[in-house]
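Novice: My structure is below; once you've seen it, I'll send some questions.
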Amino acid sequence: MGSIPDLSILKGASRRVPERVVLHRLFERNAHHPATADNTALIFQNESNESRQLKYWELDEAANRLARGILRAVQEKGGRFNRDGDNIVAVSIPPSDTLVVTLLAVWKAGAAYLPLDVQAPANRVRHILDEAKPLLVISHRDDCAENELFENINVVSTGYLEKEAAKYSSKILQENEMFRTANEPSMAIVLYTSGSTGIPKGVRISHRAVFNRLQWQWNTFPYAESERVCAFKTALTFVDSVSEIWAPLLSETPKSILVVPKEVTKDPERLIAELERHRIERLVLVPSLLRAILLYLELDKNNARRDDQLLKHLKLWVCSGEPLVPSLVKHFFNHFEGTEHVICNFYGSTEVMGDVTFEKMSAFKGDLVPIGLPVDNSVVYLLDKKLNPVPSGQIGEIYCSGLNLASGYVNNRDADRFIANPHTVEPQYALLYKTGDYGKIVDGTLVYEGRTDSQVKVRGHRVDMSEIENSLHKINGVDKVAVLCYKPGEVDQAILAFVTLQDPSWTAGTIEEELSKTLPPYSLPTIRVLDKIPLLNNGKTDRQFLLKAYGEEVSEKGGKRAPVDLTGVPENKRKAAQCLFETVASILGGSLKCPINKDVGFFELGGNSLNSIYTITKLRDQGFVIGITEFLSSKTLGDILDKIRTEDEDSNILADENNNKGKTKYEAEILDDKHREAVTEIIADSFCEKGDLEQCIQPRIERDAYIELLDVLWVHLVEKGLSFAVKSAETGEYVGASLSFDVHDEPPVEITSRLNIIFEFLEFLEGPIRETKLPQGKGKILHGFMMGTHKKLDAKENIEVIQFMEEEEVRLARRRGFESIFTSNSSPLTQQLGSDVFDYEVLLDYQVNKFVAEDGSKPFGSAPDTQTVSCSLKRV
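Okay, here's the thing in structure tokens:
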């Protein structure tokens, strides 16, 4: 690996793995070894309660015959051209002994198996078949050839294939009998994942990657002498099924597999009974199933039906597939207190053969559940946007390298997720996989910090939805949680928390009240209480279903005339009230938290800073005018009605507010040295914590960078006299700062910090505009360089101060003889204020994630498509 600069790179142990691995040969070793050939390989009980078992030699011979049947079926009808050069056989069979025989037969034929969910929507299955182009589809249904889904596809039923296979030899297949492939390493499995977009994409997993993962498991968690049977209960489409099936069968100390039917897995009572009956000693499960099992065990314990503890033999519990929360780990150890039970937290994805880091816990005393250290022959990196290791202790994006990595996606989709590794020259670490997750090192071990797409902006603040989820998990009445963002960055953006309850007396309102004790107002989600959280077949939350359902709810509400309660509204205000109430209903949509009437407040209904401006704009479009400060200072919609006017009564609300200067809450003071400390603090905090461009860059630009910038600029800011600080007339505290220069008289500044990224981008946008669209010569154009507000301001106060600074900047420009004001805004709030309220002309609106820096990187590549910077001009 070379030198490792800091703890942002973690490396697992190195173990030898052969260059060419053929997994079914390991099974054949066990099936023909005198000590293991007669051992039971499979145990399965069908719906008729008929128990079937296969010994290792029986399973091998059945698979050999079936493999020859598969080869014959493909030979008769011909194969389909696969762009990756992979030989794929798709399998649509429910959990059974037949399924395991078929999977082994596919390998023996020289192909990779591709699981198809027998209950998946037809369009999803068709997409998979059209993209992967399997040589053959094997279905458990006898009428599969008549299914329109398999039209023009080579498909056979298991019944037909078994009947045909009975004609063939049961001897081991030789290399010259198998499908030929030009790929090395050859593919063993293709698994389709939903992906963040909901469009399935296939992960190509090699024999060598599977072997590396299994070899690590055999060495790290060896089978005990007492272990006889292991459970295969995970859906075949989920990567955890790989280790459940093949680790016991391919081990040098082979075990039996208990094939658990799907209906048993769904029922904790039946599942526990099976685990008890076969004295299962290890289990892989998602945290939601762990919670269900623990709840059942508590019920059984409370009923005092037995002296012996249930599942006392099940010592090794492995959680995978979704974050493992501290409360669940505490629950586990509270139940198994004083025993030898161990819980493990495995982290990974299909692209890294399921698991790339692990944490083993025999007790839990802290507040964090780490995802641990890398598995063998794997390296985990925490990198910034330029693929540089982040400083120790800082959050970075998790990248993985090593022998667990998949060989990419089918048809080379999303090739940018698998990139060249700039940190090594070792061949087995030459490829990096971009996980899309954040992590950091705490006490020498890796901690999961959420998805890169789990952080969104709300009212200028960066909100991490995993933080909201953690807060919800701490509420005793809450059971399961899914926190999502609806339409991030858009006006109707909403943070949604879907929850199920342990205590039926809890409501959405009581949950919000509890959250308000730990979360700031801008990060409080809209609560949706459900009977159950919908799950995908792999046990993960069905995010797309929840967002779609919410969108349909919002659309349905928006498509109907809003029910409004005009009770108590004076007759002369009824027209305005009807307009106001319906406008609020249409903008807040599904975010509405209570009925609309004159006695409720806008923020109480679910409004925020951004959609408050949108509401004011929509009201103005319908002929009703109210000032921003008036709107935000109103406690109820009734207060807004008292202040709202028609355009005939007041055609220019800003002018009206300016005529009442004596009533202003704020005062502007031209900068001098007495303001230095306060202004530096305001600007540094504002941009470091709330700057829209800055939040896209990882690692974050440090606060010291802004302090350094102000140190360099301060003399020039004071000398030019075009900048001011804003003071609260009530408290005397400084609450805002506006920094400006003459466009054609700006001081040269050498920036040595990472702020240079921002300035390079702004020069890219503004340079051509300055040269071609702005009047030349000093004293013509005032450049609004930076504006910031104090971090302690609430949403209403924040907009009040921004509005005051915008108006004061216009007054200052007029006093100093400037013709126009030029500025660049990255905040949706200030963009909307500029265009809809202060009449700025937008000269350029640029999508920030398209920017390519001089070094070829995309520093804002993680920004959503909706995030833009607007370069605007206002004539004064």
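With UniProt numbering, letter number 371 in the sequence shown gets 371, and the count goes up by one each step, no holes.
Here a beta-carbon is modelled for each residue, glycine too, at the ideal position from N, C-alpha and C.
Predicted, not measured: the structure shown is a model, and the values here were computed from it.
1. Between the alpha carbons of Val260 and Lys233, how many angstroms are there, rounded?
2. On the three-pair Cβ rule with 8 angstroms, is the segment 818–837 touching the segment 852–865?
3. Which runs of the alpha helix (DSSP H), 4 residues or longer, sit entirely within the segment 58–109?
4. Note down, one range per segment and in chain order, each alpha helix (DSSP H) of at least 4 residues found wholly within the segment 806–836.
5. What's the gap between the Cα of Asn64 and the Cα of Ser169?
6. For the pair the segment 241–253 and the segment 436–452, tell me if three or more CB-CB distances fall below 8 angstroms.
7. Measure the beta-carbon distance from Glu681 to Cys688 and round it to whole angstroms, keeping in mind my assumption that it falls under 8 angstroms.
8. Can you say whether Thr22 is buried or exposed, counting buried as having 16 or more other CB atoms within 10 angstroms of its CB?
9. Nearest to Ala737 by alpha carbon, out of Asp745, Ser728 and Leu236?
10. Is it true that the segment 838–852 meets the segment 789–798, where meeting means three or more beta-carbon pairs spaced less than 8 angstroms apart?
11. Write down every uninterrupted run of the beta strand (DSSP E) in the segment 732–766 whose length is 3 residues or greater and which is fully enclosed by it, in chain order.
12. Suppose you measure from the CA of Tyr160 to the CA of Gln174; what does that come to, to the nearest Å?
13. Rounding to the nearest angstrom, what Cα-Cα distance links Ile293 and Lys540 in this structure?
14. Taking only three categories from DSSP, how would you classify Lys360?
15. Mind checking Pro222: buried by the 16 CB within 10 Å criterion, or exposed?
16. Hey, Val203 and Ala415 are a contact pair by Cβ (cut 8 angstroms); roughly how many whole angstroms apart?
17. To the nearest angstrom, how far is the alpha carbon of Cys344 from that of Lys11?
18. Hey, residue 877 and Leu191 are a contact pair by Cβ (cut 8 angstroms); roughly how many whole angstroms apart?
19. Looking only at its chain, what residues have a beta carbon closer than 6 angstroms to the beta carbon of Arg417, apart from the 5 residues adjacent to it on each side?
20. Pull up the distance between the alpha-carbon of Lys133 and that of Leu104, whole angstroms please.
21. Work out the CA separation of Leu709 and Gly767 for me, nearest whole Å.
22. With a threshold of 6 angstroms on Cβ separation, who are the neighbours of Arg561 within its own chain once the five nearest residues in sequence on each side are excluded?
23. Is the number of C-beta pairs between the segment 562–575 and the segment 596–603 that are closer than 8 angstroms three or more?
24. Sort Asn176, Asp673, Gly85 and Asp142 by Cα distance to Lys108 and report the nearest one.
25. Do Lys618 and Thr583 count as a contact pair if the criterion is CB distance below 7 angstroms?
26. Contact defined as beta carbons within less than 8 angstroms: I believe Ile821 pairs with Val876. What is the distance between those atoms, to the nearest angstrom?
27. Using CA atoms only, rank isn't needed, just tell me which of Thr158, Ala231, Ile153 and Asn411 is closest to Ala247.
28. For Ser196, does the count of other Cβ atoms within 10 angstroms reach 16, so buried, or fall short, so exposed?
29. Output needed for Leu519: all residues of its chain with C-beta closer than 7 angstroms, excluding positions within five of it in sequence on either side, in chain order.
30. Helix or strand or just coil, what does DSSP make of Ser466?
31. Using only the alpha-carbon positions, how far apart do Leu717 and Leu812 sit?
32. Going by DSSP, what residue range makes up the beta strand (DSSP E) through Phe785?
33. Just to confirm, is the Cβ distance from Leu484 to Leu547 under 7 angstroms?
34. Where does the unbroken alpha helix (DSSP H) through Asp642 begin, and where does it stop?
35. Return the residue from the list Leu250, Ile707 and Arg543 that minimises the CA-CA distance to His32.
36. Determine, using beta-carbon pairs with one atom in the segment 139–157 and one in the segment 255–269, whether at least three such pairs fall under 8 angstroms.
Specialist: In brief:
1. Cα to Cα, Val260 sits roughly 5 angstroms from Lys233.
2. no
3. 97–108
4. Taken in chain order, the unbroken stretches of alpha helix (DSSP H) that lie wholly in the segment 806–836 and span 4 residues or more are 828–832.
5. If I take the Cα positions, the gap works out to 7 angstroms.
6. no
7. The pair is not a contact, with the Cβ atoms about 11 angstroms apart (cut-off 8 angstroms).
8. Note that residue 22 is Val in the sequence shown here, rather than Thr. Under this definition Val22 is a buried residue.
9. Ser728
10. no
11. 734–742
12. Cα-Cα distance, rounded: 24 angstroms.
13. 17 angstroms
14. strand
15. exposed
16. About 13 angstroms separates the beta carbons of Val203 and Ala415, which is beyond the 8 angstroms limit, so they are not a contact pair.
17. Whole-angstrom Cα-Cα distance: 19 angstroms.
18. No answer is possible for residue 877: it lies beyond the span of the chain, which begins at 1 and ends at 876.
19. Lys434
20. Annotation: Lys133 to Leu104 spans about 20 angstroms, alpha carbon to alpha carbon.
21. 20 angstroms
22. Because Arg561 sits at a pLDDT of 46, beneath the cut-off of 50, its placement in the model cannot be relied upon, and the following sentence gives the value as read from the coordinates. No residues qualify anywhere along the chain.
23. Verdict: yes, contact present.
24. Asn176
25. yes
26. 6 angstroms
27. Ala231
28. Confidence at Ser196 is low in this model, with a pLDDT of 44, below 50, so the placement of that residue should be treated as unreliable; the coordinate-derived value is given next. Classification for Ser196: exposed.
29. Ile468 and Ser471
30. helix
31. 14 angstroms
32. Ile781 to Thr789
33. yes
34. From DSSP, the alpha helix (DSSP H) with Asp642 extends over Leu637 to Lys643.
35. Leu250
36. no
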